[in-house]
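Since the structure comes first, as structure tokens, the remarks are kept for the end.
Residue numbers (UniProt numbering): 1 to 505.
See below:
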């Protein structure tokens, strides 16, 4: 029986992100995917700058820039295409070093993720492999698989298994988990179109606030466009078998462009749900991505949440396997990510209801209220800010219960010198950011623990960040999250893991 430290079930963005991060730490991992090649149809289409930052951490800064477009924000429109409100996002690099939002084609993203993974000899991807069973014992997990081409069955032994196998997760079933319904379900029709013609539309998301048929439009690539329309009771995707039937739905955006210049890439029915797995871990088996949570798409956070899962867990698992961190750190994964994912789902439900609920009365309210939203102090900043909620207090997020601090939030990916940013210097290690001059003993202690010391010079972005957070120093974890912050550097050494995580190889 073959043995490997980590088996990852599923080669979507979540699984590929986890595999790459583990490989960067030198951890041997095997990714098992039931499809022989990349699933060809687009699904996710947007991500925020936090996740863009993670892609850069994987080594995909330039590759992703080549296949993506900055997302310019959100425009609310009525059934007559009149603009009710507009929330613009800055397309210039923000606190994380990238545009606040980007659109892309998921198969293209998966392609560059797969190509990038080949750079790491410790990571292996096997396609056309069906995982049929997961059985745990005291020291590992037996993964039963079948080759879908030859029918050959085999078993693989892993120290840990990451279930990144989607909404119908075998991994979730194997740990006796179930999905909790968070009270949201809508049927939508998703249409992806390819055309060389320029539609001439504003390049942000258009939310159609129409009680008869809510909808969304956005450009997701140089020649790719997406529409989503809520289906009415009794309707199905089969009611729209060809472009002639689809054209009336999208014609308000395509205008006089002939139908012959439009090519349907995908037209499929989806049920948007809000669900959360009741448990995300059983001993050595973890759930990530859609196996753990399903998010309505109204704020574009479905795929993002899975990538964040991978970022949260990978460095902890690498530290445990490398004997640089205690196994108890794995207990923080579900604590941190479950609370965060639930907050995102609640926000998506709220936005979805605000945009689509209420029938004709809701439409009247939206027409009256939306144009006045720009006058509400701070609302536009709130609507366009890509920052997500802080992580929950736990062993790796040390903060007072009642006082707001930097702990649990992401450190800015600030420019430090030249073109180098915080992430380039931290390089997957714990970092100590301080606006005070460390003593020789403190420098030696940081080096001994494998942490990097970064000085926040007066006037710099990091210095302003610390000052606004009422701190002079902060410990930043390998995933960019602040472990603890204080006005005294000496206090932070008491909560810095010993030894700290090693540098990415």
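All residues carry an ideal CB built from backbone N, CA and C; glycine is no exception.
For residue i, the nearest candidate out of the options (CA to CA)
i	options	result
residue 440	490, 17, 46	490
residue 492	407, 209, 336	407
residue 285	109, 165, 263	165
residue 291	32, 28, 2, 178	178
residue 265	232, 224, 155	224
residue 337	475, 428, 7, 392	392
residue 272	180, 312, 204, 184	184
residue 334	13, 280, 15	280
residue 75	410, 203, 125	203
residue 244	49, 156, 260	260
residue 71	466, 299, 443	299
residue 198	221, 176, 209, 60	221
residue 174	137, 210, 192, 201	137
residue 92	235, 458, 73	73
residue 107	326, 459, 139, 40	40
residue 3	139, 115, 60	139
Where residue i sits in the DSSP three-state scheme
i	result
residue 28	coil
residue 136	strand
residue 39	coil
residue 442	helix
residue 1	coil
residue 110	helix
residue 422	helix
residue 349	helix
residue 487	coil
residue 304	helix
residue 20	helix
residue 222	coil
residue 398	coil
residue 124	strand
residue 9	strand
residue 280	coil
residue 405	coil
residue 580	Absent from the model: residue 580. The displayed extent of the chain is 1 to 505, so no value can be given.
residue 285	strand
residue 81	coil
residue 338	helix
residue 67	helix
Cut-off 8 Å between Cβ atoms - residues of its own chain near residue i, not counting five sequence neighbours on either side
i	result
residue 295	274, 301, 302, 305, 341, 344, 345, 348
residue 64	52, 55, 56, 102, 104, 109, 112
residue 430	449, 450, 451, 452, 475, 476, 477, 478, 483, 496, 497, 500, 501
residue 456	433, 434, 435, 462, 463, 465, 466
residue 201	217, 219, 253
CA-to-CA distance, residue j to residue i, given in whole angstroms
i	j	result
residue 230	residue 464	45 Å
residue 503	residue 147	Only weak support exists for where residue 503 lies, its pLDDT of 36 falling under 50; the value from the coordinates is given anyway. Cα to Cα, the separation comes out at about 36 Å.
residue 141	residue 134	7 Å
residue 122	residue 189	41 Å
residue 331	residue 5	19 Å
residue 47	residue 418	27 Å
residue 215	residue 267	14 Å
residue 158	residue 150	23 Å
residue 22	residue 206	38 Å
residue 397	residue 187	38 Å
residue 427	residue 145	35 Å
residue 84	residue 98	28 Å
residue 254	residue 100	27 Å
residue 20	residue 120	8 Å
residue 1	residue 132	16 Å
residue 16	residue 117	7 Å
residue 381	residue 414	Because the pLDDT at residue 381 is just 48, under 50, the model does not fix this residue reliably, and the value given afterwards should be weighed accordingly. Rounded to the nearest angstrom, the two C-alpha atoms are 20 Å apart.
residue 310	residue 488	32 Å
residue 395	residue 90	35 Å
residue 34	residue 172	17 Å
residue 416	residue 480	15 Å
Residues of its chain near residue i, where Cβ-Cβ distance is below 6 Å and the 5 sequence neighbours each way are ignored
i	result
residue 95	412
residue 474	406, 433, 482, 485
residue 153	146
residue 240	246
residue 217	206, 227, 253
residue 79	210
residue 376	Reliability of the predicted coordinates at residue 376 is poor, the pLDDT of 47 falling under 50, and the value obtained from them is presented with this limitation in mind. Correct list: empty, nothing qualifies.
Spatial neighbours of residue i in its chain, beta-carbon cut-off 7 Å, leaving aside the 5 residues before and after
i	result
residue 169	163, 287, 291
residue 81	252
residue 36	127, 128
For residue j and residue i, believed in contact at Cβ under 8 Å, the rounded distance
i	j	result
residue 18	residue 314	5 Å
residue 319	residue 329	7 Å
residue 180	residue 278	5 Å
residue 30	residue 124	5 Å
Minimum Cβ-Cβ distance from residue i to chain C less than 8 Å
i	result
residue 48	You won't find chain C in this structure, because it holds only one protein chain.
Contact test: residue i Cβ vs the ligand MG heavy atom, cutoff 7 Å
i	result
residue 117	The ligand content of the structure shown is nil, which means the ligand MG is not present either.
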